[in-house]
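Counting from 1, position 129 in the sequence shown corresponds to residue 129 in our numbering; the numbering is continuous, with no gaps.
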Amino acid sequence: MNDPGHRIHDPVPMAVLGVSGRMGRALLLAMDEAGGIRLSGASASSDSRWVGMDAGAAAQGAARGVAVLADPASAIQGAAVAIDFTLPQATGANLDACVAARCPLVIGTTGHASEIRDRIVRAADHIPLVMAPNMSVGVNLLLELVEQAARQLDERYDIEIFEAHHRDKKDAPSGTALGLAAAAAAGRGVELEQVAEYGRHGLTGARRPGNIGFSVFRGGDIVGEHTVSFAGIGERIELTHRASDRLAFARGAVRAARWLIGRPSGLYSMRDVLGFR
């Protein structure tokens, strides 16, 4: 494990990979709010205009005295744990750096290709990793509720996942929507890919019993909204989470990072962090 050389009462040194993105400022604010944490390093993509500048400025906040670096291996030097909110194509390099330094890693990035997901699993043989489609406490409670509801409501109840995000989000369905669908599938004891219905166009025919459908909206500056609908004959049950501030995700990521320090190697989820399993 990365040896930050800090004493037990010193602030926890934490690195933020992707500090100049939408989550960057939220993570710094969440670290300040939590207390007992200091930013030890920060990174951004090599073509970012913020490389070489102060991490606080990159996240549109107060100066931090930490320069933004393009090299993740340099950014995590001295960190007790790192948080990755970059782009999917940057996760591989971040993984390699953390494995080499034995630095625990929290991955909040979504939209990974299968090859990167496989690399994440392999990396967890060497370091402790938390990865979740959504870091907020509320969403992870929603995952539990969806799984329980799906276990009780059989195929006479059609399941649809509705999600909405800002216009710049690049992946669809969202990682959270996929996580909610996976929770519903687990509740029914089926594999998601056997029942997932990702899009509809033209003469699609009647809905196949047991399918889990997705409806996606992109627009404006929506932080994140997810509803799981169980539609039966004569009644409908809906479970909804709406995020109005990215701090909800950042607080969860910081909580996960603190929890991860000192854990054995392995792949953990937010449900582990929150004690749901």
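Positions of the beta carbon are idealized from the N, C-alpha and C atoms, including for glycine. Keep in mind that this is a model prediction, so the values were computed, not measured.
In this structure, how does DSSP classify arginine 25 when only helix, strand and coil are distinguished? It is helical.
Cβ-based burial, isoleucine 278 [other Cβ within 10 Å; buried from 16]: No answer is possible for residue 278: it lies beyond the span of the chain, which begins at 1 and ends at 277.
Sort Leu142, His126, Arg188, Gly202 by Cα distance to phenylalanine 276 and report the nearest one. Leu142
Return the CA-CA distance between glycine 92 and isoleucine 116, expressed in angstroms with no decimal places. 6 Å
For leucine 153 and glutamine 60, I'd like the C-alpha separation in whole angstroms. 46 Å
Which same chain residues end up closer than 8 Å to glycine 212 when comparing Cβ atoms and leaving out the 5 residues on each side of it in sequence? Here residue 212 turns out to be isoleucine, not glycine, going by the sequence shown. Hits under 8 Å: Ile159, Glu160, Ile161, Ala181, Ala184, Ala185, Leu192, Val195, Ala196, Glu197.
Between Ser136, Asp71, His112, which lies nearest to leucine 274 when the distance is taken from Cα to Cα? Ser136
Neighbour-count burial assignment, glycine 5, 16 or more Cβ in a 10 Å radius: Residue placement at glycine 5 is flagged as unreliable, the pLDDT there being 49, under the threshold of 50; the coordinate-derived value follows with that caveat. The residue is exposed, with fewer than 16 neighbouring Cβ atoms inside 10 Å.
Could you give the residue range of the beta strand (DSSP E) that holds isoleucine 120? Taken as a continuous stretch (DSSP letters only), isoleucine 120 belongs to no beta strand (DSSP E), being part of the alpha helix (DSSP H) at 114-123.
Name the two residues that bound the continuous alpha helix (DSSP H) containing threonine 86. Neither: threonine 86 is in no alpha helix (DSSP H) and is coded neither H nor E.
Go to methionine 270, then tell me how far its alpha helix (DSSP H) extends in each direction, as first and last residue. Residues 270-273.
Inter-residue Cα distance where the pair is glycine 41 and arginine 258: 16 Å
Per DSSP, aspartate 54 forms a beta bridge with which residues? Ala67
Could you tell me how far apart the beta carbons of valine 130 and methionine 270 are, in whole angstroms, since I believe they sit closer than 8 Å? 7 Å
Proximal residues to leucine 260 (C-beta, below 6 Å), its chain only, five neighbours per side dropped: Val81, Pro104, Pro128, Val130
Check this for me: beta carbons of valine 16 and leucine 27, under 7 Å apart or not? yes
How would you call histidine 112, buried or exposed, if buried means at least 16 neighbouring beta carbons within 10 angstroms? buried
Label leucine 203 either buried or exposed according to how many other C-beta atoms from any shown protein chain fall within 10 Å of its C-beta, with 16 as the threshold for buried. Exposed, because fewer than 16 other Cβ atoms sit within 10 Å of the Cβ of leucine 203.
Would you tell me roughly how many angstroms separate the C-alpha atoms of valine 51 and proline 72, rounded to the nearest one? 12 Å
Exposure of serine 46, with buried meaning 16 or more beta-carbon neighbours within 10 Å: exposed
Taking the straight line between their C-alpha atoms, what separation do you get for alanine 164 and valine 66? 35 Å
Cross-strand partners of threonine 227 (DSSP beta bridge): Beta-bridge pairing links threonine 227 to Phe162, Thr240.
So, at 6 Å on beta carbons, what are the nonlocal neighbours of alanine 58 in its own chain, with the 5 sequence-adjacent residues on each side left out? Val19, Ser20, Trp50, Val68
Using the rule of at least 16 other Cβ atoms within 10 Å of the residue's Cβ for burial, across every protein chain shown, is arginine 246 buried or exposed? Buried is the call here.
Considering only residues of the same chain and omitting the five flanking positions on each side of isoleucine 222, which have a CB-CB separation below 7 Å? Ala164, His165, His166, listed in sequence order.
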